[in-house]
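Q: Dropping a structure here in structure tokens format, bear with me for questions.
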Amino acid sequence: MSTLLLMILAALTACGIPIQAIVNARLGTLLANPLLAALISFVTGTLALGIICLIANGGIPKYPSGVHIPAFLYIGGLLGAVFVTVVLVLVPKIGPANVIAATIVGQLVMGLVLDHYGVLGTPQNPVNLVRLSGAALLIVGAWLVKWG
């Protein structure tokens, strides 16, 4: 699949993030407990992914024997839990568009840093003026969303 199509798929998938943020924030407000709302979000997501794994693998997937996975590779779930919880707390305070704009800026800036250094075996793609300009435009865009 071409890079353009993969980027379109990523963009379309990301359309669900503001909806997720609103739904989780509403749940947190109704429960008066953002941590419980985040937990419910992750439990339902885990159940859905478990069903998908069962279907895609024709049963319970087998954990490969003899494979050593460094402990730090399990941080993804922790980072996801922090992200979902912070977003559902912020959406009622500053609105979904502002939260999404800020998170996109944060993701892009960190992505540029990770790209530049080729962190954790990812392809190294050095930061240059054009890429920095793209990040600057995104920062301006986030500013316009908030104060425009």
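Counting from 0, one number per residue, gives the positions in the sequence shown under numbering that gives the first Met the number 0.
C-beta atoms are modelled at their ideal positions from N, C-alpha and C, and glycine is treated no differently.
Since the model is a prediction, treat every value here as computed from it, not as a measurement.
I'd like to know whether the C-beta atoms of Ala100 and Gly140 end up nearer to each other than 8 Å.
A: yes
Q: Please look up how many angstroms separate the CB atoms of Thr102 and Pro33, rounded, as I've assumed it's under 8 Å.
A: Contact flag wrong, Cβ pair sits at about 16 Å.
Q: What would DSSP say about Thr2, mapped onto helix, strand or coil?
A: helix
Q: Since Ala31 is in the alpha helix (DSSP H), which residue starts that stretch and which ends it?
A: Looking at the DSSP string, Ala31 is not in any alpha helix (DSSP H), and its letter there is neither H nor E.
Q: Nearest to Ile18 by CA position, among Ser64, Ala96 and Leu111, is which residue?
A: Ala96
Q: Which same chain residues end up closer than 7 Å to Ile21 when comparing Cβ atoms and leaving out the 5 residues on each side of it in sequence?
A: Val90 and Pro95
Q: Please give the ranges of any alpha helix (DSSP H) in the region 35-104, keeping only runs that are unbroken, at least 4 residues long and fully inside the region.
A: 74-93
Q: Start and end of the alpha helix (DSSP H) containing Val118?
A: Counting along the chain, Val118 falls outside any alpha helix (DSSP H), and DSSP gives it neither H nor E.
Q: Determine the DSSP secondary structure at Val126, reduced to helix, strand or coil.
A: coil
Q: Is it buried or exposed, Val42, if we count other Cβ atoms within 10 angstroms and call 16 or more buried?
A: exposed
Q: May I have the straight-line CA-CA distance separating Ala135 from Ile59, to the nearest angstrom?
A: 46 Å
Q: May I have the straight-line CA-CA distance separating Leu30 from Leu46, to the nearest angstrom?
A: Leu30 and Leu46 have their C-alpha atoms roughly 21 Å apart.
Q: For Phe71, which option in Val81, Ile93, Leu119 and Asn56 has the closest C-alpha, if you only look at C-alpha atoms?
A: Selection Val81, Ile93, Leu119 and Asn56 evaluated against Phe71 yields Leu119 as nearest (Cα-Cα).
Q: Thinking just about the alpha-carbon of each residue, which of Thr121, Asp114 and Val88 is nearest to the one in Arg25?
A: Val88
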